[in-house]
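Worksheet: one structure, shown below.
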Amino acid sequence: MTRSIIRRYLVLLQKRGLKASTVNRHLSAIRNYYKFEILTGVREDNPFNQIKSLKQESKLPNYLFFKDLEKIFSNGGDDFFHIRDQLIFKTLYSTGCRVSELVGITVNQVKNGESRVKVIGKGDKDRFVYLTPDVKNLIKKYLPLREEMLKDRGKINSLFLDFMGDKLTTRGVYYLIEKRVREVGMDKKVSPHTFRHTFATHLLNEGADIRVVQELLGHKSISTTQIYTHTGIEKLRQVYRGAHPHGKKS
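The following block contains the structure:
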């Protein structure tokens, strides 16, 4: 196997219309195969080590406009399920927490009107996220309804419960968001992470220090947070191209 043959193989994959990310997965699989052959003594070198992965187009994070949030938040019901869902949506947006961090929040962390909550993030690293007055008011409404939901179940420490009174799962949160997006007629894919992207983008667009946003998100590297600075710029460019007479021609 020579580098020339490998390059021809890569060109063939691209001609078939495969994305760079897909081609790179092919490369990774073959590299690992050759690594295995080296470990087992079948061969001494890995020709794919000299081949660089294709450059992938970086995708900007998807986020919500304020009008999108207004639609999602416009849920006037006062029963357990309406209040719970609104609390979930607004907590995701106001804290920027991951869905795994959200479902890990306990009643004991919020029952006394706390303004911040400790969550366990990636790599078991903990940090504080901050609750807005709106979220704290929703918690006050939610806790009695939650207690009523559990009157025949015994104690469960998880803050968010499903329709059976059990701990709400991450998959359950995905479902509730997808359901709400359909209800309000939004033609947009929204996930728990979309709220996290929105949290970061809105903070940076309003002038928040990027290091502070990094801390709030629990990012290990500042470069991970910096992608959100490009999101605002790209969105401005899209609005310009769509609205400005000359921009439409560009």
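The sequence shown begins at 1 in the UniProt record's numbering and counts up by one.
All residues carry an ideal CB built from backbone N, CA and C; glycine is no exception.
Query	Result
My output table needs one value for C97: the three-state DSSP class, helix, strand or coil.	coil
Would you check if there are 3 or more beta carbon pairs closer than 8 Å linking the region 191-199 to the region 92-105?	yes
For V117 versus V110, is the C-beta distance shorter than 8 Å?	yes
Entirely within the region 142-175 and at least 4 residues each: give me those alpha helix (DSSP H) ranges in chain order.	none
So the candidates are I38, I72 and K55; which of them puts its Cα closest to the Cα of M186?	I72
Shortest alpha-carbon distance to L138 belongs to which of G218, D78 and F163?	D78
Comparing alpha-carbon positions, which option in F128, D45, K141 and Y130 lies nearest G76?	K141
Tell me whether M149 is buried or exposed, calling it buried when 16 or more other Cβ atoms sit within 10 Å of its Cβ.	buried
Among S4, D45 and H26, which residue has its Cα nearest to the Cα of Q14?	H26
Pick out whichever of E147, K179 and R182 has its Cα sitting closest to the Cα of D166.	E147
Can you list, in chain order, the residues of its chain with a C-beta nearer than 8 Å to that of N157? Leave out the 5 residues immediately preceding and following it.	T106, V107 and N108
From the DSSP secondary-structure annotation, give me the bridge partner or partners of F128.	K118
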